[in-house]
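Counted the way our numbering counts, the sequence shown spans residues 1 to 89.
Ideal Cβ positions, reconstructed from N, Cα and C, are used throughout, including at glycine.
All figures in this text were calculated on a predicted structure; none of them were measured in a lab.
Step one of this worksheet: look at the structure below.
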Amino acid sequence: MTAREASPQLIGRLARSQWGIEAVHHVRDVTFAEDASKVRTGHGPENMATLRNFAINTLWDAGHHSIAAGLREVSYTPFTRSLDLLGLA
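Structure representation (structure tokens):
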């Protein structure tokens, strides 16, 4: 895309969509300490990122605005609450 093809609206939309991606990466790093993870070989990093994204999206869908607070709440009853969130209990 050239500078002539990019409208201010398009540039704004692209920047906002990038912020959304960065917000998820920030949650994964801060809440799940992803950058400190020792999982580095094979498909391990991708698999762990998928599991972290699944946890984040499940908590967001359940109405938790703070993923850290949602994880704490779920951890109080780990064998039943997580199944409730998935509709399996």
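Practice prompt. Using the Cα positions of Met1 and Val24, report the straight-line distance between them to the nearest angstrom.
Written response: One C-alpha to the other measures close to 26 Å.
Worksheet entry | Span separating the alpha-carbon of Ala6 from that of Pro45 | Ala6 and Pro45: Cα-Cα distance of roughly 35 Å.
Item to complete: Evaluate Leu14 with the Cβ neighbour count: other Cβ atoms within 10 Å of its Cβ, from every protein chain shown; 16 or more gives buried, anything less gives exposed.
Response: With fewer than 16 other CB atoms across the displayed protein chains lying within 10 angstroms of its CB, Leu14 is exposed.
Discussion item. Is it buried or exposed, Ala3, if we count other Cβ atoms within 10 angstroms and call 16 or more buried?
Written reply: Counting other Cβ atoms within 10 Å of its Cβ, Ala3 stays below 16 and is therefore classed as exposed.
Item to complete: Could you tell me if the beta carbon of His26 falls within a distance shorter than 7 Å of some heavy atom in the ligand NAP?
Response: As for the ligand NAP, it is missing from this structure, which has no ligand bound.
Worksheet item: Which term fits Val74, buried or exposed, when burial requires 16 or more other beta carbons within 10 angstroms of its beta carbon?
Response: Buried.
Worksheet item: By how many angstroms is the C-alpha of Ile56 removed from the C-alpha of Arg40?
Response: Cα to Cα, the separation comes out at about 21 Å.
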